[in-house]
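Notes follow the structure.
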Amino acid sequence: CVLCGRTDDCPEKYGEKRTYVEYNLTVHYYCLLTSSGIWQRGEEDEGVDGFLITDIRKEVNRAAKLKCNICKKKGASIGCVTPKCKRSYHFPCGLQRECIFQFMEDFRSYCWEHRPIQEFTDKEPRGASQCTICLDLVEHLSVYSVLKSPCCKNAWFHRECLQYQALSAGIFFFRCTVCNNKDKFQKEMLRMGIHIPERDASWELEENAYQDLLHCYQHCDVRRCLCKKGRDYNEPDSKWEIKRCQYCGSRGTHLACSSMKSWEQNWECMECRSIFAKSGKYSKRKKRALATSEETNGTTCLLEEPPSKSPRQSSGSPRNFLLQSPKMMCQNLSPCSHLELPASNRVTMSLSPVMSSRNWLLSLRHKHLREKRREVCNILKELKAQVKTKTTRLNINAENIWSSALKGFRQRIFSPINTIEVDFSNCKNRSKTNTSTSKYHFFQLLMLHLQNSSLFEGSSGKNLSLDFQAVKENLYFEAGRMIAVSLVHGGPCPGFFSKTLFNCLVYGPENVKPAFEDVADVDVAQTIKTIKYANNLSSLQSTLQDCCEFLAAAGCLRPVTALCDKNMLVNDILIYHVIKRIALPLESFRQGLKTLGVLEKMQMHPHLFYSIFCHKPERLSAETVCDLFTIHSSSDVNKVEGADFWMGYLQDVESGESVVTLEDILFFVTGSCYIPSIGFDPEPTIKFLHIRYPIGNRLLNCLELPITKTYQQFKNIMELTIRNTLRVERE
Numbered sequence: 001c002v003l004c005g006r007t008d009d010c011p012e013k014y015g016e017k018r019t020y021v022e023y024n025l026t027v028h029y030y031c032l033l034t035s036s037g038i039w040q041r042g043e044e045d046e047g048v049d050g051f052l053i054t055d056i057r058k059e060v061n062r063a064a065k066l067k068c069n070i071c072k073k074k075g076a077s078i079g080c081v082t083p084k085c086k087r088s089y090h091f092p093c094g095l096q097r098e099c100i101f102q103f104m105e106d107f108r109s110y111c112w113e114h115r116p117i118q119e120f121t122d123k124e125p126r127g128a129s130q131c132t133i134c135l136d137l138v139e140h141l142s143v144y145s146v147l148k149s150p151c152c153k154n155a156w157f158h159r160e161c162l163q164y165q166a167l168s169a170g171i172f173f174f175r176c177t178v179c180n181n182k183d184k185f186q187k188e189m190l191r192m193g194i195h196i197p198e199r200d201a202s203w204e205l206e207e208n209a210y211q212d213l214l215h216c217y218q219h220c221d222v223r224r225c226l227c228k229k230g231r232d233y234n235e236p237d238s239k240w241e242i243k244r245c246q247y248c249g250s251r252g253t254h255l256a257c258s259s260m261k262s263w264e265q266n267w268e269c270m271e272c273r274s275i276f277a278k279s280g281k282y283s284k285r286k287k288r289a290l291a292t293s294e295e296t297n298g299t300t301c302l303l304e305e306p307p308s309k310s311p312r313q314s315s316g317s318p319r320n321f322l323l324q325s326p327k328m329m330c331q332n333l334s335p336c337s338h339l340e341l342p343a344s345n346r347v348t349m350s351l352s353p354v355m356s357s358r359n360w361l362l363s364l365r366h367k368h369l370r371e372k373r374r375e376v377c378n379i380l381k382e383l384k385a386q387v388k389t390k391t392t393r394l395n396i397n398a399e400n401i402w403s404s405a406l407k408g409f410r411q412r413i414f415s416p417i418n419t420i421e422v423d424f425s426n427c428k429n430r431s432k433t434n435t436s437t438s439k440y441h442f443f444q445l446l447m448l449h450l451q452n453s454s455l456f457e458g459s460s461g462k463n464l465s466l467d468f469q470a471v472k473e474n475l476y477f478e479a480g481r482m483i484a485v486s487l488v489h490g491g492p493c494p495g496f497f498s499k500t501l502f503n504c505l506v507y508g509p510e511n512v513k514p515a516f517e518d519v520a521d522v523d524v525a526q527t528i529k530t531i532k533y534a535n536n537l538s539s540l541q542s543t544l545q546d547c548c549e550f551l552a553a554a555g556c557l558r559p560v561t562a563l564c565d566k567n568m569l570v571n572d573i574l575i576y577h578v579i580k581r582i583a584l585p586l587e588s589f590r591q592g593l594k595t596l597g598v599l600e601k602m603q604m605h606p607h608l609f610y611s612i613f614c615h616k617p618e619r620l621s622a623e624t625v626c627d628l629f630t631i632h633s634s635s636d637v638n639k640v641e642g643a644d645f646w647m648g649y650l651q652d653v654e655s656g657e658s659v660v661t662l663e664d665i666l667f668f669v670t671g672s673c674y675i676p677s678i679g680f681d682p683e684p685t686i687k688f689l690h691i692r693y694p695i696g697n698r699l700l701n702c703l704e705l706p707i708t709k710t711y712q713q714f715k716n717i718m719e720l721t722i723r724n725t726l727r728v729e730r731e
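Just so we're aligned, residue 1 is where the sequence shown starts under full-length UniProt numbering, counting upward by one.
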């Protein structure tokens, strides 16, 4: 800065740091505003916000002759306005020495000796109270760092908190946080040196901040939608017009799908109908049945999600063929598609033709999980439609992933609806990398850090912990926001939530009953265990007497007159420790998960999202990788030269007969060693070409494979190329 001589770029303290290359000029905005010998003589679009360049040069020359009374260096452009006071100083030095700068009228400045102070009466209580912004204690003292509200007797603030609040709220929304007074409060804060920018609030300036309010629900939610153009198709004044529920407006149906006439306006979704039925306020009227609705236990199921389609195939189906290769002997291929693709282009393997009943059940469970995750993938793709091509770049230090991620998410230009690009920087050698792998790697590291952070507690299925410092710094909100952004932007499944935590997020904490396994604190778990397994009333009362302080803090201390009372007591302790104790972190975390509409979708499809929040990501298998890729070279997979080598090679890699892993193969092609919850875009493909070495095109997620005469040649070329490519990238 030409006025203060500092390189600091801190908009909250010194104002925006502006550089004008054409004038060879860099200046802090506040240094310019508060300088004593310069005025705005131009229009707003002239010079620097009305300060002419020639005037700025003159002010720099004037200040060069003045020595700062604080740092003793030349260039002190600001002087105390009190008559006969000759003190001069730089703006940053003045802040450090607790001078007052008034951002109004003539932009006056007062030194530490002549600065204005707030009047305190003897009747005002001494001691401390909560700052109503940060909720930390603030002492009732007449000091620079503490400010008192002029309109409320018991409202005290930290100066730093008020300044941040003013910068965020702007002149239209900055007011007393207790009584909401604006004029009197702003006048006093300006007098005491709080800068209130003349602009709208930061939340009002956010692009499309209220776009969701303009969204009109357009989706057919009946069990069997008859529209061939899809559930989102809406054609007004036709049988494919979508009618919304007249009560909640968050469910819809095509007229034809619910056998409605065009003139009929009233339609209720099943959820609203059941609520009215339970309350006794639902008037019995002719129920509209779906043209294709199904009766289950005598109940018409109107709003269930359509079941996943399993196309029936004959024994002669082109997808049920046997592949023979040096490493695959008569493997049965079963049809299952990772994403909806033409049957002729999909290859899927079943690698266990003979399984015990236990393995069969395990395989069936994994199959159901995969089906649910495929549906979640489609839901996340709907959410990704709101992401724009405008990019936001995050500078990430892999050695301090949490701090750098937090800084990136909190920067003013960050928006979850922008496309995210990641630059990894190493603080030791200052080297930077910017590849297609960076974003995948960033989200993987971030989810791993969150799983092991102090925000969560437990071994495998984790619940939220209670960290007061994290609550104060709003870290639970940021954690929820990061998970939501990760899911929509291509991150991995979280996979570490407990069932209790997931249900609290989806159904609300008041509707959840915690289990003993949710208690992570060893002492609390031991206390609950002792109470639960007490054999007689005397031992139970003795146990309660030993832990009476804990029970009193939990609000569970009560007289026990019978042994059966222990069950209710254990239940109350669990509810307090697992749910009530973390009410603040839970609500903050839920607000973060609302980013990009993720929590809303979780609440609409809890059974689907449970598969990615509470189940660890499935380990890559030859079957999974094979199912992930689509062969585009030919419609007849049997005749694709080298396709059987590819299948055999995957099985070799899975069985450990290769120097590379399935993760290496996936990384070679896509730049990610995991399958994102939202899937890959574009979908991974395979091409067999007459080339010497395999090529992984990460831009298109395309694996180009060479056609070889023998399987051993194919395997050697694959391992050589993949191993060397990844080694070079790591180096």
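Don't be surprised by glycine CBs; every beta carbon is placed ideally from N, CA and C. As the structure is a prediction and not an experimental result, all values here were calculated from the model.
On the three-state DSSP scale, how would you describe residue i?
i: Thr530; result: helix
i: His219; result: coil
i: Asn504; result: First, the amino acid is wrong: residue 504 is Cys here, not Asn. In this structure, Cys504 counts as helix in the three-state DSSP scheme.
i: Ile631; result: strand
i: Gln712; result: helix
i: Asn429; result: Model confidence at Asn429 stands at a pLDDT of 43, short of 50, so the residue's coordinates are unreliable; what they give is reported in the following sentence. Coil.
i: Asp423; result: strand
i: Thr595; result: helix
i: Pro706; result: strand
i: Tyr20; result: strand
i: Asn452; result: coil
i: Leu66; result: coil
Whose CA, out of the options, lies closest to the CA of residue i?
i: Pro684; options: Glu704, Tyr693 and Ile691; result: Glu704
i: Leu226; options: His254, Leu214 and Arg244; result: His254
i: Ala554; options: Glu113, His577 and Glu204; result: His577
i: Pro92; options: Cys1, Glu207, Gln411 and Leu137; result: Cys1
i: Ser35; options: Lys17, Lys243, Glu43 and Val60; result: Val60
i: Asp232; options: Ser149, Gln246, Arg251 and Leu214; result: Arg251
i: Leu540; options: Ser77, Ala525 and Leu569; result: Leu569
i: His615; options: Arg57, Arg6, Gly495 and Thr392; result: Gly495
i: Arg723; options: Leu406, Cys269, Gly597 and Phe668; result: Phe668
i: Val506; options: Val48, Lys601 and Gly458; result: Lys601
i: Ala405; options: Glu235, Leu475, Ser459 and Arg365; result: Leu475
Cα separation between residue i and residue j?
i: Val560; j: Gln451; result: 40 Å
i: Lys86; j: Lys72; result: 14 Å
i: residue 775; j: His28; result: This structure leaves residue 775 out entirely; the chain is present only between 1 and 731.
i: Asn697; j: Gly461; result: 37 Å
i: His605; j: Ser258; result: 22 Å
i: Arg41; j: Leu52; result: 7 Å
i: Tyr247; j: Glu44; result: 51 Å
i: Phe101; j: His114; result: 12 Å
i: Gln96; j: Cys68; result: 13 Å
i: Phe409; j: Ile379; result: 24 Å
i: Val138; j: Cys179; result: 19 Å
i: Asn24; j: Ile413; result: 26 Å
i: Ile575; j: Ala562; result: 21 Å
i: Thr26; j: Asp55; result: 14 Å
i: Gln526; j: Val471; result: 27 Å
Below 8 Å between beta carbons: does that hold for residue i and residue j?
i: Leu394; j: Ser611; result: no
i: Cys493; j: Pro694; result: no
i: Phe688; j: Phe613; result: no
i: Ile579; j: Pro514; result: yes
i: Ala534; j: Lys566; result: yes
i: Gly50; j: Ala63; result: no
For residue i, verify whether its CB is less than 7 Å away from any heavy atom of the ligand ZN.
i: Leu699; result: No copy of the ligand ZN appears in this structure; indeed no ligand is present at all.
Sufficient close CB pairs (3 or more, under 8 Å) joining the segment 193-207 to the segment 157-171
yes
Three or more beta-carbon pairs under 8 Å between the segment 702-722 and the segment 519-531, yes or no?
no
Count the C-beta pairs between the segment 177-193 and the segment 216-226 that are closer than 8 Å, then say yes if the count reaches three, no if not.
no
Taking three-plus beta-carbon pairs below 8 Å as touching, is the segment 438-450 in contact with the segment 664-682?
yes
Would you say the segment 576-592 touches the segment 479-491, given that touching needs at least three Cβ pairs under 8 Å?
yes
Decide yes or no for the touch test of the segment 483-491 against the segment 376-388: beta carbon pairs closer than 8 Å, at least 3 of them.
yes
With a threshold of 8 Å, are at least 3 pairs of Cβ atoms found where one atom belongs to the segment 370-377 and the other to the segment 406-422?
no
Counting Cβ pairs, one atom from each stretch, are 3 or more of them under 8 Å apart for the segment 229-243 and the segment 198-206?
no
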